[in-house]
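Colleague: Residues in the sequence shown are numbered from 662 upward in steps of one, following my numbering.
Where is the CB? At the ideal position from N, CA and C, for every residue including glycine.
Treat the numbers as computed from the prediction; the structure is a model and nothing was measured.
Sharing a structure here in structure tokens format.
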Amino acid sequence: MADSNVYDPAPILTRLQNLIHEPHVSPDYIRFRVGVLEAQAAARAALGPGAATDTLPLDPALMTLDAGTLRSLYAALRASVGGQGLQSVELDRLGVIAGQHATLLDELARGALLADDVAALSLAAERIGVSVEALQFVGRVLVAPFVLEAATKPAVDLQQAPPVEDSGTCARCDSAPALAVRIGEEGRRVLCCSLCGRRWTFARLACPHCGNRDQQRLATLAVGENEPRWIEVCDACGQYVKTTDARRLSEGAALVALVEDTATLHLDLLAEKEGYRRRPPYAALV
Ligand SMILES: [Zn+2]
Ligand SMILES: [Zn+2]
662 MADSNVYDPA PILTRLQNLI HEPHVSPDYI RFRVGVLEAQ AAARAALGPG AATDTLPLDP
722 ALMTLDAGTL RSLYAALRAS VGGQGLQSVE LDRLGVIAGQ HATLLDELAR GALLADDVAA
782 LSLAAERIGV SVEALQFVGR VLVAPFVLEA ATKPAVDLQQ APPVEDSGTC ARCDSAPALA
842 VRIGEEGRRV LCCSLCGRRW TFARLACPHC GNRDQQRLAT LAVGENEPRW IEVCDACGQY
902 VKTTDARRLS EGAALVALVE DTATLHLDLL AEKEGYRRRP PYAALV
């Protein structure tokens, strides 16, 4: 019998690859996301099923990040990103420096757990000579296999909403949610963490990033009418969250947050065009 706590990327990879037939999604971007997930899944498998520490919240200082796993994950990431020509110059440079400084990958991965420490990231970016975005991307991708909750199921269970929580950031890893899923008859709002994959139910009419509940400063942006996917923006903090209404999707289609996030890159571009702050890159394996 299969152990339900062993992470299996196969169904998610299939769903990602099927996005090739969808409009709005570039095949290069899908191949990039597939490559990243394959690299992360190999790292996760190398860690073994007992790897995840299911404490709440995670304490970055107490986490053990195996140096060998970090190195091979970085090499695989570089290979997959390089193949697509995305950020490859910066990743090559980072790779050279990581070869000279044994603790660099560990520092980047740990730094990703302190999501809002942009000042530290900027200093490191200047010192190393790569962009803050590249460091943030690498750090999040590196740490995600270590923080994936052992019991996390890939698909959002559309029948059962997780417990209600007051915080708009993840109680486990302190990362921002990448997307919200509306489920159930009353449209409960389930937030999906962009780093460890945890989910929780949150207030429907509040900004998860800053807690703003002033309806005058909350709005939605959509590409078309009656679309099942849109973004919810907050003019108090200038941030947004992508939203998928599961009730408007064809029945039986289980939602995988990573697949949803990949399929809705056009919504991120829309938000950026409208001047909302870019969100941290999605790095969770589910
Ligand atoms: Zn999390
Ligand atoms: Zn806000």
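To which residues of the same chain is T881 closer than 6 Å at the C-beta, ignoring the five residues directly before and after it?
Modeller: Residue mapping note: residue 881 aligns to position 220 of the sequence shown, counting from 1. Result list for T881: W891 and E893, in chain order.
Colleague: Round the Cβ separation of S741 and F693 to the nearest angstrom and send it over; I've been treating them as touching at under 8 Å.
Modeller: In the sequence shown, counting from the first residue as 1, residue 741 sits at position 80. In the sequence shown, counting from the first residue as 1, residue 693 sits at position 32. Confirmed, Cβ separation roughly 7 Å.
Colleague: With contact counted as at least three CB pairs below 8 Å, one residue from each stretch, are the stretch 772–789 and the stretch 916–930 in contact?
Modeller: Touching, no, given that fewer than three Cβ pairs across the two stretches are closer than 8 Å.
Colleague: What's the call for H870, buried or exposed, on a 16-neighbour Cβ count within 10 Å?
Modeller: Stepping through the sequence shown from its first residue, residue 870 is reached at position 209. By the 10 Å Cβ count, H870 comes out buried.
Colleague: Under the criterion of a Cβ to heavy atom distance below 7 Å, does Q877 qualify as lining ligand 2?
Modeller: Numbered from 1 along the sequence shown, position 216 holds the residue referred to as residue 877. No.
Colleague: At which residues does the beta strand (DSSP E) containing P838 begin and terminate?
Modeller: The residue labelled residue 838 in the question sits at position 177 within the sequence shown. Per DSSP, P838 belongs to the beta strand (DSSP E) from P838 to I844.
Colleague: Starting from the N-terminal end, write out each residue whose C-beta falls within a distance shorter than 6 Å of any non-hydrogen atom of ligand 2.
Modeller: Result: C868, H870, C871, N873, C895, A897, C898 and Q900.
Colleague: Do you know how far the Cα of V902 is from the Cα of S855?
Modeller: The count along the sequence shown starts at 1 and reaches residue 855 at position 194. The count along the sequence shown starts at 1 and reaches residue 902 at position 241. So the alpha carbons of these two residues sit roughly 11 Å apart.
Colleague: Within 10 Å of its beta-carbon, does L930 have 16 or more other beta-carbons around it, so buried, or fewer, so exposed?
Modeller: On the sequence shown, residue 930 is found 269 positions in, with the first residue counted as 1. Under this definition L930 is an exposed residue.
Colleague: Taking the C-alpha atoms as reference points, what is the distance between V793 and A781?
Modeller: What you label residue 793 is simply residue 132 of the sequence shown in a count that begins at 1. What you label residue 781 is simply residue 120 of the sequence shown in a count that begins at 1. One C-alpha to the other measures close to 10 Å.
Colleague: Can you tell me where the alpha helix (DSSP H) holding Y690 begins and where it ends?
Modeller: Residue mapping note: residue 690 aligns to position 29 of the sequence shown, counting from 1. That run of the alpha helix (DSSP H) goes P688 to L708.
Colleague: Skipping 5 residues on each side, what residues in its chain have a beta carbon closer than 8 Å to that of N873?
Modeller: As a first step, residue 873 is located in the sequence shown; it is residue number 212 there, counting from the start. Here the set comprises A867, L879, C895, A897 and C898.
Colleague: To the nearest angstrom, report how far apart E912 and Q797 are at their CA atoms.
Modeller: Counting from one through the sequence shown, the residue named residue 912 turns up at place 251. Counting from one through the sequence shown, the residue named residue 797 turns up at place 136. Approximately 37 Å, taken between the alpha carbons.
Colleague: For K814, which three-state DSSP category applies?
Modeller: Position 153 of the sequence shown, counted from the start, is the residue given in the question as residue 814. Reduced to three states, the DSSP call for K814 is coil.
Colleague: Name the residue from A944, L738, R833 and P688 whose alpha carbon lies nearest to the alpha carbon of A700.
Modeller: The residue you call residue 700 lines up with position 39 of the sequence shown. When only C-alpha atoms are compared, the closest one is L738.
Colleague: If I follow the unbroken alpha helix (DSSP H) through A945, where does it start and stop?
Modeller: Against the sequence shown, residue 945 aligns to sequence position 284. Element bounds for A945: n/a, residue is neither H nor E.
Colleague: Roughly how many angstroms separate the alpha carbons of T905 and C831, rounded to a whole number?
Modeller: By one-based count along the sequence shown, residue 905 stands at place 244. By one-based count along the sequence shown, residue 831 stands at place 170. Taking the straight line joining both Cα atoms gives about 19 Å.
Colleague: Which parts of the stretch 765–807 are runs of the alpha helix (DSSP H), unbroken and 4 residues or longer, counting only runs that do not cross its ends?
Modeller: Entirely contained in the stretch 765–807, the alpha helix (DSSP H) runs reaching 4 residues are, in chain order, 765–772 and 779–789.
Colleague: Cα-Cα, which of D835, L910 and C857 is closest to T813?
Modeller: Indexing the sequence shown from 1 puts residue 813 at position 152. For the residues D835, L910 and C857, the minimum Cα distance to T813 belongs to C857.
Colleague: From V757 to T675, what distance separates their C-alpha atoms?
Modeller: The count along the sequence shown starts at 1 and reaches residue 757 at position 96. The count along the sequence shown starts at 1 and reaches residue 675 at position 14. Those two C-alpha atoms are separated by around 33 Å.
Colleague: I need the DSSP call for T675, collapsed to helix, strand or coil.
Modeller: Your numbering for residue 675 matches position 14 in the sequence shown. Three-state DSSP puts T675 in a helix.
Colleague: Rounding to the nearest angstrom, what Cα-Cα distance links A934 and P942 in this structure?
Modeller: The residue labelled residue 934 in the question sits at position 273 within the sequence shown. The residue labelled residue 942 in the question sits at position 281 within the sequence shown. A small correction: the amino acid at residue 934 is Lys; Ala does not occupy that position in the sequence shown. Taking the straight line joining both Cα atoms gives about 17 Å.
Colleague: Whose C-beta lies closer than 6 Å to the C-beta of S836 among residues of the same chain, with five residues either side of it excluded?
Modeller: Looking up residue 836 in the sequence shown gives position 175. The answer, listed in chain order, is A776, C854, S855 and L856.
Colleague: Label I681 either buried or exposed according to how many other C-beta atoms from any shown protein chain fall within 10 Å of its C-beta, with 16 as the threshold for buried.
Modeller: Position 20 of the sequence shown, counted from the first residue, corresponds to residue 681. Classification for I681: exposed.
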